[in-house]
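Asks:
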Amino acid sequence: MTFFTEENLELAHEIIGRYPKQRSAMIPLLHLAQEQAGWVTEEAMKQIGGLIGTSSAEVLGTCSFYEMFKRHEVGRYVVNICTTMSCALMGAEELLEHAETRLGIKAGSTTSDGLFTLEGAECQAACTEAPCLQVNYRHKYRVTLSDFDHLIDELADPKNEGTPRHGVLAQIRQHIPTERSVGAMHPESVNAPPVWIEEQKEANS
Ligand code: FES
3 MTFFTEENLE LAHEIIGRYP KQRSAMIPLL HLAQEQAGWV TEEAMKQIGG
53 LIGTSSAEVL GTCSFYEMFK RHEVGRYVVN ICTTMSCALM GAEELLEHAE
103 TRLGIKAGST TSDGLFTLEG AECQAACTEA PCLQVNYRHK YRVTLSDFDH
153 LIDELADPKN EGTPRHGVLA QIRQHIPTER SVGAMHPESV NAPPVWIEEQ
203 KEANS
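Per the working numbering, the sequence shown starts with residue 3, numbered consecutively.
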């Protein structure tokens, strides 16, 4: 069974080609899977295992270690409200309660239209900007209750293009041409600069 689309499968091979060891591509491929579906499905983990020569159990071991990889369907927008100390002191509890009321769901669940997943979260490393939250891991600082309502209105607007859907990390993707990839080779076997550097030197001489 294949999970990746034809286009993403091609991209997956390009990504694998950037690393001396195929297994090093596991996390970038998990991101690619999450970008494609919005979460990481079992089929995706199986295919990633096959692509990098490891078991799907190992892929699951890595995927389940990182909270940002979701192994269940989530909303288009994952809203994480920080509830750790600085944010708690600045009204995070009230903000989370307000968010639950506004969205009509409890933290840890998804609205019936599939637009929003609401989560309480640990410190987001922006304590001086408390209370803060993230939408698809993009920070919003010093969020008031009315800021929150405004944010939800903006995100719910079908014309909203400011925040990409969950799983999309960057809107511009780096491409490394095949002739510049390192190829799957153990680091200790690398005893010369990449071939393309020599080719470039020759072309410039
Ligand atoms: S306590 Fe909320 S960002 Fe650190």
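Each residue gets a CB set at the ideal place from its N, CA and C atoms; glycine is no exception.
#1: The ligand FES and residue 126: does any heavy atom of the ligand fall closer than 7 Å to the residue's C-beta?
#2: So residue 89 and residue 133 are supposed to be a Cβ contact under 8 Å. How far apart are they, rounded?
#3: Tell me where the alpha helix (DSSP H) around residue 15 begins and ends.
#4: What separation, rounded to the nearest whole angstrom, lies between the Cα atoms of residue 95 and residue 120?
#5: Out of 141, 191 and 117, point me to the one whose CA is closest to residue 162's CA.
#6: So, do the stretch 169-183 and the stretch 25-41 have three or more beta carbon pairs nearer to each other than 8 Å?
#7: Please list the segments of the beta strand (DSSP E) lying wholly inside the stretch 132-195, counting only runs of 3 or more residues, in order along the chain.
#8: Is the Cβ-Cβ distance between residue 85 and residue 98 less than 8 Å?
#9: Taking DSSP's pairing of strands, which residues face residue 84 in a bridge?
#10: Where do the N-terminal and C-terminal ends of the alpha helix (DSSP H) with residue 52 fall, by residue?
#11: Which one of 10, 111 and 56 has the shortest CA to CA distance from residue 72?
#12: Does the stretch 25-33 come close enough to the stretch 54-73 that 3 or more CB-CB pairs lie under 8 Å?
#13: Quick one: does the C-beta of residue 109 sit closer than 7 Å to a heavy atom of the ligand FES?
#14: Less than 8 Å between the C-beta atoms of residue 109 and residue 122, yes or no?
#15: Give me, in chain order, the residues of the same chain whose beta-carbon lies closer than 8 Å to that of residue 34; leave out the 5 immediate sequence neighbours on both sides.
#16: Specify, as a first and last residue, the run of the alpha helix (DSSP H) that residue 198 falls within.
Replies: Considering the structure as presented:
#1: Taking the sequence shown and counting its residues from 1, one reaches residue 126 at position 124. Residue 126: yes, Cβ under 7 Å from the ligand FES.
#2: Sequence index remark: in the sequence shown, residue 89 carries index 87 (1-based). Sequence index remark: in the sequence shown, residue 133 carries index 131 (1-based). The Cβ separation is near 4 Å, so the contact holds.
#3: Here residue 15 refers to the residue found at position 13 when the sequence shown is read from its first residue. Run containing residue 15: 8-18, per the alpha helix (DSSP H) assignment.
#4: The count along the sequence shown starts at 1 and reaches residue 95 at position 93. The count along the sequence shown starts at 1 and reaches residue 120 at position 118. Straight-line Cα distance between these residues: approximately 13 Å.
#5: Counting from 1 along the sequence shown, the entry for residue 162 is found at position 160. Ranking the options by Cα distance to residue 162, first place goes to 117.
#6: yes
#7: 135-137 and 140-142
#8: Taking the first residue of the sequence shown as position 1, residue 85 is located at position 83. Taking the first residue of the sequence shown as position 1, residue 98 is located at position 96. Contact flag set, yes.
#9: Taking the sequence shown and counting its residues from 1, the one referred to as residue 84 is at position 82. Answer by DSSP bridge pairing, in chain order: 123.
#10: Against the sequence shown, residue 52 aligns to sequence position 50. Its alpha helix (DSSP H) spans residues 44-54.
#11: For the purposes of this step, residue 72 is taken as residue 70 along the sequence shown, with counting starting at 1. With distances taken between Cα atoms, residue 72 lies closest to 111.
#12: yes
#13: Numbered from its first residue, the sequence shown carries residue 109 at position 107. Residue 109 Cβ: outside cutoff for every heavy atom of the ligand FES.
#14: What you label residue 109 is simply residue 107 of the sequence shown in a count that begins at 1. What you label residue 122 is simply residue 120 of the sequence shown in a count that begins at 1. Yes, the Cβ-Cβ distance between residue 109 and residue 122 is below 8 Å.
#15: Taking the sequence shown and counting its residues from 1, the one referred to as residue 34 is at position 32. Answer for residue 34: 6, 10, 13, 14 and 17, listed in chain order.
#16: The residue given as residue 198 occupies position 196 in the sequence shown. Taken as a continuous stretch (DSSP letters only), the alpha helix (DSSP H) holding residue 198 covers 197-206.
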